[in-house]
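S.K.: Let me give you the structure first, and then I'll get to my questions.
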Amino acid sequence: MSNLFKVWIGLLALGVLLGLYTTFQIFTIGHGELANTTQLLPWGLQVSTYIYLALTSTGCSFVYCLATLGGVDKLKPIVPRAVLLALLTIIAGFTSLSLEIGRLERLAIEFIVNPNLTSPMWWMGVFYTMYIVVLMIELAAMIFHIEWLMKVGSVAVLITAIAGHSTLGSVFGVLEGRGYGFGALTPIYFLMMAFLGGASLILLVSCLISIFKGSNKEFDEAVTTLRKVFLASVAIAFLATVWRYVVGVWVSDPYYDLFDLGFNKFLKFSLLLGMIVPVLIVVFQKKAGIGLALAPIIVLVVQFIDRNTLIVGIQKIALLQGVWEPRILPYTPAPVEISVVIFVMSIIGIIYSIAEQRGFLEKIKH
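Just so we're aligned, residue 15 is where the sequence shown starts under the working numbering, counting upward by one.
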């Protein structure tokens, strides 16, 4: 174990300790006392982090299914990594959401005792539960080399991923009074952005493996194919993002005004920095290394900020306009919310890093 790896694990461990302390504060002092969310703006950084990680999990599943169901055999070396990352990101996302909700036992009881079959949020919970269970079964099938279960699991992962995460998009898409998220495009938009997030995370991890562990011909071919998958995901996300914004800017309803107010940021940050620059990097950087890793890093950071902009933006224009409140509600994440983000990201990092360092993923059948 190298000194660099020890330092990395040490930093992640500090992040976990910070998160445990934050969790203690949330359950003793109260999330409402510590966070900067309000009754008018109840969803903050923790919810947007949950959305971000849930979509990234879906994207990892999509890339995994390209190898197992799509016949892209050159991606086979990254299959175990994609499944583990999909599982870790969705669990971390739910951890972020759980610390925002607080009393989870009440949620579980009401979910079963008083199901609301007309609520997208209830169905989201159903599909997410199925998705997590299927991912666990699929990972177990790989570990124990159960061939038939791996094939069935791949199909189940794809179905539950699409069902769960498109339903997540519908939670915001059906909010007619929230123009920044309303519309039939939102569930499809979420799936397209999920593909971008998953492709970016797996490309980043693959580059880091090549840098720190070295690679062979098979893994180099997987990275080459991942470059193409990444470019395709950017193209799809670019199309979805542009059309979402075109529609938003065109509508004259005042609840869509955030599209106009954020137009310059959208052009310079989301499109130019978040998509065009990474594409140029990938086009000119053909081998796995620091240069190529820069592209997915940029995308992941920009997408994280964009998800927060979306979730907070949905609530920013107050539904009840009045002289006693600003037309556009302010929001800045509190330290406790930032600590939760560090916590869940550290959980992903420490578990995956140890699994990779111990060679666990290389022993799994794919």
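Heads up, the beta-carbon is just placed ideally off N, CA and C, and yes, glycines get one too.
1) Locate the alpha helix (DSSP H) running through Thr174, then write down its first and last residues.
2) Less than 7 angstroms between the beta carbons of Leu210 and Ser184, yes or no?
3) Rounding to the nearest angstrom, what Cα-Cα distance links Asp87 and Leu281 in this structure?
4) Do the stretch 339-346 and the stretch 228-248 touch if we need at least three Cβ pairs shorter than 8 angstroms?
5) If you compare alpha carbons, which of Thr52, Gly85, Ala307, Ser367 is closest to Leu217?
6) Quick check: what's the CA-CA separation for Gly363 versus Thr72?
7) With which residues is Ile331 paired in a DSSP beta bridge?
8) So Leu102 packs on Ser214, CB below 8 angstroms; how close in whole Å?
9) Output the distance between the C-alpha atoms of Ala302 and Leu245, rounded to the nearest integer angstrom.
10) Would you kindly check if the distance between the Cβ of Gly193 and the Cβ of Asp267 is under 7 angstroms?
11) Quick check: what's the CA-CA separation for Cys74 versus Tyr35?
12) Smallest Cα separation from Ala249: which of Gly191, Leu294, Pro134, Ile105?
13) Just to confirm the assignment: which complete beta strand (DSSP E) runs, minimum length 3, are found wholly within the stretch 263-317?
14) Roughly how many angstroms lie between the CA atoms of Val148 and Ile173, to the nearest whole one?
15) Mind the definition here: the stretch 59-73 touches the stretch 322-336 only if three or more C-beta pairs lie below 8 angstroms; say whether that holds.
16) Below 8 angstroms, how does it come out for the stretch 284-293 and the stretch 26-46: are there three or more Cβ pairs, yes or no?
17) Under 8 angstroms, with one C-beta from each stretch per pair, do the stretch 165-179 and the stretch 38-45 reach the 3-pair mark?
18) To which residues of the same chain is Asn130 closer than 8 angstroms at the C-beta, ignoring the five residues directly before and after it?
19) Under a three-way DSSP split, which group does Ile356 fall into?
20) Can you tell me where the alpha helix (DSSP H) with Tyr78 in it begins and where it stops?
21) Let's test the definition: count the other Cβ atoms within 10 Å of the Cβ of Thr181 and tell me whether it reaches 16, buried, or not, exposed.
22) Could you give the C-beta distance for Asn113 and Val354, rounded to a whole number, given that I count them as a contact under 8 angstroms?
23) Does Leu222 come out as helix, strand or coil in the three-state DSSP assignment?
24) Starting from Ala106, trace the alpha helix (DSSP H) both ways and give me its first and last residue.
25) Using 7 angstroms as the threshold, is the C-beta distance between Val350 and Thr109 below it?
26) With a cut-off of 8 angstroms on the beta carbons, I'd call Phe178 and Met138 a contact; round off their distance for me.
27) With 16 other CB atoms within 10 Å as the buried threshold, where does Lys242 fall?
M.R.: The short version:
1) Locating residue 174 in the sequence shown gives position 160, counting from the first residue. Thr174 -> alpha helix (DSSP H) spans 161-187.
2) For the purposes of this step, residue 210 is identified with residue 196 of the sequence shown, where counting begins at 1. For the purposes of this step, residue 184 is identified with residue 170 of the sequence shown, where counting begins at 1. At a Cβ-Cβ threshold of 7 angstroms, Leu210 and Ser184 do not count as neighbours.
3) Here the question's residue 87 lines up with position 73 in the sequence shown. Here the question's residue 281 lines up with position 267 in the sequence shown. The straight-line gap from Cα to Cα measures roughly 37 angstroms.
4) Taking a contact to require three or more Cβ pairs closer than 8 angstroms, the stretch 339-346 and the stretch 228-248 do not qualify as touching.
5) The count along the sequence shown starts at 1 and reaches residue 217 at position 203. Leu217 has its Cα closest to that of Ala307, out of Thr52, Gly85, Ala307, Ser367.
6) The count along the sequence shown starts at 1 and reaches residue 363 at position 349. The count along the sequence shown starts at 1 and reaches residue 72 at position 58. Distance between the alpha carbons of Gly363 and Thr72: 18 angstroms.
7) Numbered from 1 along the sequence shown, position 317 holds the residue referred to as residue 331. According to DSSP, Ile331 shares a beta bridge with Ile342.
8) Stepping through the sequence shown from its first residue, residue 102 is reached at position 88. Stepping through the sequence shown from its first residue, residue 214 is reached at position 200. Not a contact, Cβ separation roughly 15 angstroms.
9) Here residue 302 refers to the residue found at position 288 of the sequence shown. Here residue 245 refers to the residue found at position 231 of the sequence shown. When rounded, the distance between both Cα atoms is 15 angstroms.
10) By 1-based counting over the sequence shown, the position of residue 267 is 253. By 1-based counting over the sequence shown, the position of residue 193 is 179. Closer than 7 angstroms, so yes.
11) Residue 74 sits at position 60 when you count from the first residue of the sequence shown. Residue 35 sits at position 21 when you count from the first residue of the sequence shown. Cys74 and Tyr35: Cα-Cα distance of roughly 30 angstroms.
12) Counting from one through the sequence shown, the residue named residue 249 turns up at place 235. Comparing Cα positions, the closest option is Leu294.
13) DSSP runs (the beta strand (DSSP E)) wholly in the stretch 263-317: none.
14) Residue 148 sits at position 134 when you count from the first residue of the sequence shown. Residue 173 sits at position 159 when you count from the first residue of the sequence shown. Val148 and Ile173 have their alpha carbons spaced roughly 10 angstroms apart.
15) They touch, by the three-pair rule.
16) Fewer than three Cβ pairs drawn from the stretch 284-293 and the stretch 26-46 lie within less than 8 angstroms of each other, which leaves the two stretches out of contact.
17) Flag = no, the stretch 165-179 and the stretch 38-45 do not touch.
18) Looking up residue 130 in the sequence shown gives position 116. Excluding sequence neighbours, Asn130 sits near Trp136.
19) Taking the sequence shown and counting its residues from 1, the one referred to as residue 356 is at position 342. For Ile356, the secondary structure class from DSSP, reduced to helix, strand or coil, is helix.
20) Against the sequence shown, residue 78 aligns to sequence position 64. For Tyr78, the enclosing alpha helix (DSSP H) starts and ends at 59-82.
21) For the purposes of this step, residue 181 is taken as residue 167 along the sequence shown, with counting starting at 1. Flag for Thr181 reads buried.
22) Position 99 of the sequence shown, counted from the first residue, corresponds to residue 113. Position 340 of the sequence shown, counted from the first residue, corresponds to residue 354. First, the residue type needs correcting, since residue 113 is Leu and not Asn in the sequence shown. Contact holds; Cβ gap of about 5 angstroms.
23) Here residue 222 corresponds to residue number 208 of the sequence shown, with the count starting at 1. Helix at Leu222.
24) Taking the sequence shown and counting its residues from 1, the one referred to as residue 106 is at position 92. Element bounds for Ala106: 93-115.
25) Along the sequence shown, read from residue 1 onward, the residue named residue 350 stands at position 336. Along the sequence shown, read from residue 1 onward, the residue named residue 109 stands at position 95. Going by beta carbons, Val350 and Thr109 fall outside the 7 angstroms limit.
26) Within the sequence shown, residue 178 is the residue found at index 164, counting from 1. Within the sequence shown, residue 138 is the residue found at index 124, counting from 1. The sequence shown places Gly at residue 178, rather than the Phe named in the question. Yes, they are in contact, since the Cβ atoms of Gly178 and Met138 sit about 6 angstroms apart, within 8 angstroms.
27) Residue 242 sits at position 228 when you count from the first residue of the sequence shown. Classification of Lys242: exposed, given that the 10 Å Cβ count is below 16.
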